[in-house]
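> Taken in order, the sequence shown gives residues 3 to 559; the numbers are from this note's numbering. In this text, a Cβ means the ideal position worked out from N, Cα and C, and glycines have one as well. These figures come from a predicted structure and were not determined experimentally.
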Amino acid sequence: MKKILFIVCLLAYLHSSGQPLAKPSAVQYKWQEQGRIMFVHFGVATWLGREYDETGEFDISRMNPTQLDTDQWCRVAKSWGAKEIIFVAKHAGSFCWWPTYTTEYCVRNIPWKNGKGDVIKDLAISCKKAGLNLGIYIYPGDIKWGAGLGSGGITKDPSKQEAYNKIFRQQLTEVLTNYGDMLEVWFDGSCKVPVSDILQKYASKAVIFQGSDATIRWPGTESGMLHYPVWNSLKGEVLKSGVATQYDDDPDGDVWAPLEADVTLYNHNWFWSPKNEAKRRSVNELMEIYYKSVGHGGTLLLNSNPDTTGLIPAGDVKRYAEFGAEISRRFKQPLAEVKNKTSNEVELKFTKPTKINHLILKEDYRQGHRIRKYEVWGLTKNKWEKLTDGSSVGVTKIDYFEDVELTALKLKVTEAKGTPLIRSMTAYYVSGFELPKSEKEAKGYTIVQEWDTKNFVNGKGQMSIDLGNFITAPGQYEVSFTNAVSVTGMWVEKAVIVFDKDPNTLQEFIQRKPKENVFFINRTGQIDQGTSSVLNVVMSSDNSSFQNKGFVKIRKR
Numbered sequence: 003m004k005k006i007l008f009i010v011c012l013l014a015y016l017h018s019s020g021q022p023l024a025k026p027s028a029v030q031y032k033w034q035e036q037g038r039i040m041f042v043h044f045g046v047a048t049w050l051g052r053e054y055d056e057t058g059e060f061d062i063s064r065m066n067p068t069q070l071d072t073d074q075w076c077r078v079a080k081s082w083g084a085k086e087i088i089f090v091a092k093h094a095g096s097f098c099w100w101p102t103y104t105t106e107y108c109v110r111n112i113p114w115k116n117g118k119g120d121v122i123k124d125l126a127i128s129c130k131k132a133g134l135n136l137g138i139y140i141y142p143g144d145i146k147w148g149a150g151l152g153s154g155g156i157t158k159d160p161s162k163q164e165a166y167n168k169i170f171r172q173q174l175t176e177v178l179t180n181y182g183d184m185l186e187v188w189f190d191g192s193c194k195v196p197v198s199d200i201l202q203k204y205a206s207k208a209v210i211f212q213g214s215d216a217t218i219r220w221p222g223t224e225s226g227m228l229h230y231p232v233w234n235s236l237k238g239e240v241l242k243s244g245v246a247t248q249y250d251d252d253p254d255g256d257v258w259a260p261l262e263a264d265v266t267l268y269n270h271n272w273f274w275s276p277k278n279e280a281k282r283r284s285v286n287e288l289m290e291i292y293y294k295s296v297g298h299g300g301t302l303l304l305n306s307n308p309d310t311t312g313l314i315p316a317g318d319v320k321r322y323a324e325f326g327a328e329i330s331r332r333f334k335q336p337l338a339e340v341k342n343k344t345s346n347e348v349e350l351k352f353t354k355p356t357k358i359n360h361l362i363l364k365e366d367y368r369q370g371h372r373i374r375k376y377e378v379w380g381l382t383k384n385k386w387e388k389l390t391d392g393s394s395v396g397v398t399k400i401d402y403f404e405d406v407e408l409t410a411l412k413l414k415v416t417e418a419k420g421t422p423l424i425r426s427m428t429a430y431y432v433s434g435f436e437l438p439k440s441e442k443e444a445k446g447y448t449i450v451q452e453w454d455t456k457n458f459v460n461g462k463g464q465m466s467i468d469l470g471n472f473i474t475a476p477g478q479y480e481v482s483f484t485n486a487v488s489v490t491g492m493w494v495e496k497a498v499i500v501f502d503k504d505p506n507t508l509q510e511f512i513q514r515k516p517k518e519n520v521f522f523i524n525r526t527g528q529i530d531q532g533t534s535s536v537l538n539v540v541m542s543s544d545n546s547s548f549q550n551k552g553f554v555k556i557r558k559r
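1) Do E480 and F273 have their CB atoms nearer than 8 Å?
2) Using the beta-carbon count (16 or more within 10 Å), is D563 buried or exposed?
3) Rounded to the nearest angstrom, how far is the Cβ of W75 from that of I88, given a contact under 8 Å?
4) Classify G139 as buried or exposed, calling it buried when 16 or more other Cβ atoms lie within 10 Å of its own Cβ.
5) The alpha helix (DSSP H) spanning A28 covers which residue range?
6) Nearest by alpha-carbon distance to T72: which of H43, S96, R64 is it?
7) Measuring CA to CA, which of M40, C108, D120 is closest to G83?
8) Note down the Cα distance separating S161 from Y447, rounded to an integer number of angstroms.
9) Terminal residues of the continuous alpha helix (DSSP H) containing I169?
10) How would you label P231, buried or exposed, when you count the other beta carbons within 10 angstroms and need 16 or more for buried?
11) In terms of residues, what are the limits of the alpha helix (DSSP H) holding G552?
12) When you compare each of L23, E59, A28, L151 to S535 by their alpha carbons, which one comes out closest?
13) Does the count of Cβ pairs from the segment 387-402 and the segment 299-313 closer than 8 Å reach three?
14) Reducing DSSP to helix, strand and coil, say where Q74 ends up.
15) Rounded C-beta distance between I358 and V406? I'm assuming under 8 Å.
16) For L423, I'd like the list of residues in its chain whose CB is within less than 7 Å of its CB, leaving aside the five on either flank, ordered along the chain.
17) From which residue to which residue does the alpha helix (DSSP H) around W49 run?
18) What residue range does the beta strand (DSSP E) around Q478 cover?
19) Whole angstroms are fine: how far does the CA of I218 sit from the CA of H17?
20) Using DSSP's beta-bridge definition, name the partner residues of V453.
21) Could you say which of D256, A280, N519 lies nearest to G317 if we only look at CA atoms?
22) I'd like to check one pair, G255 with L236: are the Cβ atoms closer than 8 Å?
23) Hey, out of A28, V46, I523, P22, whose CA is closest to T310's CA?
24) Give me the Cα-Cα distance between N538 and V459, rounded to the nearest whole angstrom.
25) Residue range of the beta strand (DSSP E) that E495 falls in?
26) For G380, which three-state DSSP category applies?
27) Whole angstroms are fine: how far does the CA of L469 sit from the CA of S482?
28) Hey, quick one: how far does the beta strand (DSSP E) through L537 stretch, first residue to last?
29) What is the DSSP secondary structure of E339, counted as helix, strand or coil?
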């Protein structure tokens with residue numbers, strides 16, 4: 003019997019230890035190799051000076067971007083090293099920048115080019131000339147159909163759903179079939195309209211952002227920064243929720259879904275307005291974002307915002323060029339490099355004592371996240387000293403440290419799944435470099451509300467928690483229910499998030515931490531005076547003790 007038990011345990015161990023790592027598809031790999039992508043937000047909101055077209059009733063005869071130049075957009079993208087442009091072809095207000103016949107609220111009915119214009123067509127031609135890939139953002143909802151912000155395309159009136167599904171499916175088909183291959187399809191806030199068949203047929207060469215067909219992920223914040231470590235794999239059932247974030251990272255997950263860190267140039271506005279130009283980020287801010295997106299193993303998606311003329315403003319053009327120049331200044335000229343090594347230790351030697359302060363590591367992530375922990379050592383004055391350490395590497399990991407003069411560098415992989423595949427190890431010295439601000443610790447919790455025994459009747463209770471004063475910007479928020487005493491406890495049986503008083507808010511925007519009274523709320527929509535966030539919970543408790551009490555607390559992740 004003992005022998006049989008031993009064999010069973012051994013087989014179980016071998017099976018678990020031999021579980022294959024998640025790996026990128028050819029499309030994901032092509033997309034991930036880009037590193038930098040430029041967003042283009044341009045629409046009715048540009049003329050309104052707001053973040054949204056809240057009604058879908060704007061007088062579009064006012065829209066005449068006479069200087070619109072998609073070649074300029076491409077030049078700007080290339081100036082900071084972007085390899086792709088994602089164009090917002092249809093935002094939440096439902097205006098369409100291509101001549102669709104699914105709606106009159108589109109480019110056919112504006113003065114520009116006498117109604118004969120097609121921005122997607124122009125941009126597709128410009129991208130091809132410039133050698134850039136093209137992606138498309140098409141909002142799944144439509145305010146005119148009662149499918150507003152965060153709806154995923156679900157209409158408030160169920161009787162309209164089938165008709166709207168046909169409209170959106172037609173719109174998606176048009177943008178995917180008339181302009182050549184797209185490398186990326188963006189469904190902001192998930193997509194609940196059934197479109198899998200369309201994506202399989204017309205977007206097989208594209209990665210998908212959000213929705214049940216997602217193959218890439220949102221980090222959970224619009225800061226452009228990723229928390230380290232970054233693991234591009236997760237559990238498949240979580241990815242299918244349509245709104246998986248970096249919180250769901252799992253180095254041993256069974257599917258690959260890399261992270262795309264989106265961020266505004268104007269802090270924090272996606273569309274142009276005269277006052278927003280004053281919020282333009284500095285080069286130092288952009289470099290910190292670069293280090294914590296690309297440098298952590300993610301993809302940076304930096305926004306651009308043409309003005310009402312159709313051009314990206316001159317001040318923005320200058321800032322993008324400065325950003326690109328600073329990246330090149332720091333990383334164009336390596337001091338030394340080794341490539342394509344398969345070993346737990348890799349040494350990089352210098353011909354003479356050399357001052358460095360940066361090291362960029364890359365692994366062959368086509369075989370998954372093999373490297374799990376590593377250390378970097380430097381040889382100085384015949385003595386090896388530890389410079390830094392880390393965990394995830396993936397496509398790119400930028401390490402930095404105080405200036406040090408070395409004759410050699412050594413990478414030690416201290417934990418790995420299989421043989422480490424070192425794609426490259428490159429040393430740099432960046433003059434005038436100041437260490438970026440250390441990773442910010444998660445902000446402390448703020449108490450939102452309390453409960454006690456009076457909240458319960460026969461062991462059941464409910465609470466409606468107004469989070470409007472705490473969820474003040476797009477991002478991921480952690481809400482925790484903490485028992486103040488240990489004699490008895492409260493358990494949240496059900497939690498429902500309601501954004502902007504919409505009873506059809508997608509519940510994929512709230513995720514529970516397994517076996518805990520902790521919830522993660524993803525707010526993807528912009529926040530303004532008209533928005534609200536309310537968490538409704540159903541609770542259970544042993545109500546026999548007067549000591550049952552606790553509090554609800556929140557923090558931004």
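From the atom records:
1) Taking the first residue of the sequence shown as 1, we reach residue 480 at position 478. Taking the first residue of the sequence shown as 1, we reach residue 273 at position 271. Result no, Cβ atoms of E480 and F273 do not sit closer than 8 Å.
2) Here the chain has residues from 3 to 559 only, and residue 563 is not among them.
3) Here residue 75 is taken as the residue at index 73 of the sequence shown, counted from 1. Here residue 88 is taken as the residue at index 86 of the sequence shown, counted from 1. Not really, about 11 Å apart at Cβ, beyond 8 Å.
4) Working through the sequence shown from its first residue, we reach residue 139 at position 137. A small correction: the amino acid at residue 139 is Tyr; Gly does not occupy that position in the sequence shown. Buried, since its Cβ has 16 or more Cβ neighbours within 10 Å.
5) Working through the sequence shown from its first residue, we reach residue 28 at position 26. 28-34 is the extent of the alpha helix (DSSP H) around A28.
6) Locating residue 72 in the sequence shown gives position 70, counting from the first residue. With distances taken between Cα atoms, T72 lies closest to H43.
7) By 1-based counting over the sequence shown, the position of residue 83 is 81. Between G83 and the set M40, C108, D120, the nearest pair of CA atoms involves M40.
8) The sequence position of residue 161 within the sequence shown is 159, counting from 1. The sequence position of residue 447 within the sequence shown is 445, counting from 1. If I take the Cα positions, the gap works out to 42 Å.
9) Looking up residue 169 in the sequence shown gives position 167. Here the alpha helix (DSSP H) through I169 covers 163-179.
10) Translated into positions along the sequence shown, residue 231 becomes position 229. So P231 ends up on the buried side.
11) On the sequence shown, residue 552 is found 550 positions in, with the first residue counted as 1. Segment 551-558 is the beta strand (DSSP E) holding G552; no alpha helix (DSSP H) there.
12) Translated into positions along the sequence shown, residue 535 becomes position 533. Closest option to S535, Cα to Cα, is L151.
13) At 8 Å Cβ cutoff, the stretches touch.
14) Indexing the sequence shown from 1 puts residue 74 at position 72. Q74 falls in the helix class under three-state DSSP.
15) In the sequence shown, counting from the first residue as 1, residue 358 sits at position 356. In the sequence shown, counting from the first residue as 1, residue 406 sits at position 404. With a Cβ gap of about 6 Å, I358 and V406 count as contacting.
16) In the sequence shown, residue 423 corresponds to position 421, counting from 1. The answer, listed in chain order, is T344, E365, D366, Q369, R372.
17) Counted from its first residue, the sequence shown places residue 49 at position 47. W49 -> alpha helix (DSSP H) spans 46-50.
18) Locating residue 478 in the sequence shown gives position 476, where the first residue counts as 1. Note, Q478: beta strand (DSSP E), 477-485.
19) Residue numbering aside, residue 17 sits at position 15 when the sequence shown is read from its first letter. Residue numbering aside, residue 218 sits at position 216 when the sequence shown is read from its first letter. Residue placement at H17 is poorly supported in this model, since its pLDDT is 42, which falls under 50; the coordinates still yield a value, given next. If I take the Cα positions, the gap works out to 28 Å.
20) In the sequence shown, residue 453 corresponds to position 451, counting from 1. The sequence shown places Trp at residue 453, not Val. In the DSSP output, where bridge partners are listed per residue, W453 has G552.
21) Here residue 317 refers to the residue found at position 315 when the sequence shown is read from its first residue. Here the closest residue by C-alpha is A280.
22) For the purposes of this step, residue 236 is taken as the residue at position 234 of the sequence shown. For the purposes of this step, residue 255 is taken as the residue at position 253 of the sequence shown. Yes. Within cutoff.
23) Counted from its first residue, the sequence shown places residue 310 at position 308. The candidate whose alpha carbon is nearest that of T310 is V46.
24) On the sequence shown, residue 538 is found 536 positions in, with the first residue counted as 1. On the sequence shown, residue 459 is found 457 positions in, with the first residue counted as 1. Cα to Cα, N538 sits roughly 17 Å from V459.
25) Taking the first residue of the sequence shown as position 1, residue 495 is located at position 493. From DSSP, the beta strand (DSSP E) with E495 extends over 492-501.
26) Position 378 of the sequence shown, counted from the first residue, corresponds to residue 380. In this structure, G380 counts as strand in the three-state DSSP scheme.
27) Translated into positions along the sequence shown, residue 482 becomes position 480. Translated into positions along the sequence shown, residue 469 becomes position 467. Distance between the alpha carbons of S482 and L469 is about 13 Å.
28) On the sequence shown, residue 537 is found 535 positions in, with the first residue counted as 1. Element bounds for L537: 535-543.
29) As a first step, residue 339 is located in the sequence shown; it is residue number 337 there, counting from the start. It is a strand residue.
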